[in-house]
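In our numbering, the protein residues as written are 787 to 862. Using N, Cα and C, we set each Cβ at its ideal position, and we do this for glycine too. These notes are about the structure you will find just below.
In structure tokens form, the structure reads like this:
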């Protein structure tokens, strides 16, 4: 799980380094937004496994369909 980004702590550190309050807050907020958008874009392990399962299921259905089409049915 991703660690939370402490915007206030970063803004305070930037202020202590000499930036004025508005600039420090804007920079800290920009960093937070960039980190959030990066996390939103990353695929979760659960999502990747669901997609993989869908691909395997589709492959099995196609294979079964081809076998059914190509192999003659047994007649009594």
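Along the alpha helix (DSSP H) that carries residue i, what are the first and last residues, could you check?
i: residue 797; result: 793-802
i: residue 913; result: Examination of residue 913 is not possible in this model, given that the chain is present from 787 through 862 alone.
My guess is that residue i and residue j are in contact by the Cβ rule of under 8 Å, so how many angstroms apart are they, rounded?
i: residue 815; j: residue 793; result: 6 Å
i: residue 817; j: residue 796; result: 6 Å
i: residue 800; j: residue 813; result: 6 Å
| contact_flag[the region 814-834, the region 851-861] where n(CB pairs < 8 Å) is 3 or more | Of all C-beta pairs linking the region 814-834 to the region 851-861, fewer than three are shorter than 8 Å, placing the two stretches out of contact.
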